[in-house]
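Colleague: Heads up, the sequence shown is in this note's numbering, so the first residue is 1291 and it goes up one at a time.
In this text, a Cβ means the ideal position worked out from N, Cα and C, and glycines have one as well.
Every value quoted in this text rests on a predicted model; they were computed, and no experiment measured them.
Dumping the structure here so I can ask a few things about it.
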Amino acid sequence: MPRTSLEFPAAVVYRHPLTLRICDINYGQHLGHDTLVSLLHDARCGWLDSHGLSELNLGGEGIGWVVAELVVHYQAEAFYADALVIELAIGEISTKGAELYHRVVRSDGAQVALAKAGVVFFDYASRKAVAVPENFLKLAGRR
């Protein structure tokens, strides 16, 4: 299977530190792949929360986002009690969506994973995709 290519953007917009808990560890005695996806989600929510926003409300318009695509490259193991940082960066922004990149780094500098979430901006009242909210463009440093 050909591997997709991911290139982490230069500008980090948020850093989410965490310590792995015992419940994050799978039977292989390392961070579970499914748990990593939840940690990426937690980092995105942390970024929004640091700006007083949420995935369901990106700034008072009643507009949120849904994750339409997720690509993860697992690159190194992480273990119980490891200190990690999940860095978040913004990639391309289209008319109705954006790329959110995540880089997971251990305290020893090893890159544990690189991921890209493709989000689509969504009006939860009408249940339809909508244009990128102006508030998100400002948050991403594109306005």
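Cα separation between A1415 and G1352?
Modeller: What you label residue 1415 is simply residue 125 of the sequence shown in a count that begins at 1. What you label residue 1352 is simply residue 62 of the sequence shown in a count that begins at 1. Approximately 8 Å between the Cα atoms of the pair.
Colleague: According to the Cβ coordinates, are R1393 and D1372 closer than 8 Å?
Modeller: Taking the sequence shown and counting its residues from 1, the one referred to as residue 1393 is at position 103. Taking the sequence shown and counting its residues from 1, the one referred to as residue 1372 is at position 82. Contact: no.
Colleague: Which residue marks the beginning of the beta strand (DSSP E) containing K1406, and which one marks its end?
Modeller: Here residue 1406 refers to the residue found at position 116 of the sequence shown. Run containing K1406: 1401 to 1413, per the beta strand (DSSP E) assignment.
Colleague: Excluding the 5 residues flanking K1386 on each side, which residues of the same chain have their C-beta closer than 7 Å to its C-beta?
Modeller: Numbered from 1 along the sequence shown, position 96 holds the residue referred to as residue 1386. Excluding residues within five positions, the ones whose Cβ falls inside 7 Å are V1410, F1411, A1419, V1420, A1421, V1422.
Colleague: With DSSP run on the structure shown, which of helix, strand or coil describes V1327?
Modeller: To locate residue 1327, count along the sequence shown from 1; it is residue 37. DSSP places V1327 in helix when its eight states are reduced to three.
Colleague: How should F1354 be labelled, buried or exposed, when 16 other C-beta atoms within 10 angstroms of its C-beta is the threshold for buried?
Modeller: Residue 1354 sits at position 64 when you count from the first residue of the sequence shown. It is worth fixing the name first, because residue 1354 is Gly in this sequence and not Phe. By the 10 Å Cβ count, G1354 comes out buried.
Colleague: Within this structure, are the beta carbons of L1390 and I1376 separated by less than 8 Å?
Modeller: Here residue 1390 refers to the residue found at position 100 when the sequence shown is read from its first residue. Here residue 1376 refers to the residue found at position 86 when the sequence shown is read from its first residue. Not closer than 8 Å, so no.
Colleague: Mind checking whether L1374 and Y1304 have CB atoms under 8 Å apart?
Modeller: Against the sequence shown, residue 1374 aligns to sequence position 84. Against the sequence shown, residue 1304 aligns to sequence position 14. Not closer than 8 Å, so no.
Colleague: In the structure shown, what three-state DSSP assignment does L1346 receive?
Modeller: The sequence position of residue 1346 within the sequence shown is 56, counting from 1. If DSSP states are grouped into helix, strand and coil, L1346 belongs with coil.
Colleague: Do L1296 and A1368 have their beta-carbon atoms positioned less than 8 Å apart in this structure?
Modeller: Taking the first residue of the sequence shown as position 1, residue 1368 is located at position 78. Taking the first residue of the sequence shown as position 1, residue 1296 is located at position 6. No, Cβ-Cβ distance for A1368 and L1296 is not below 8 Å.
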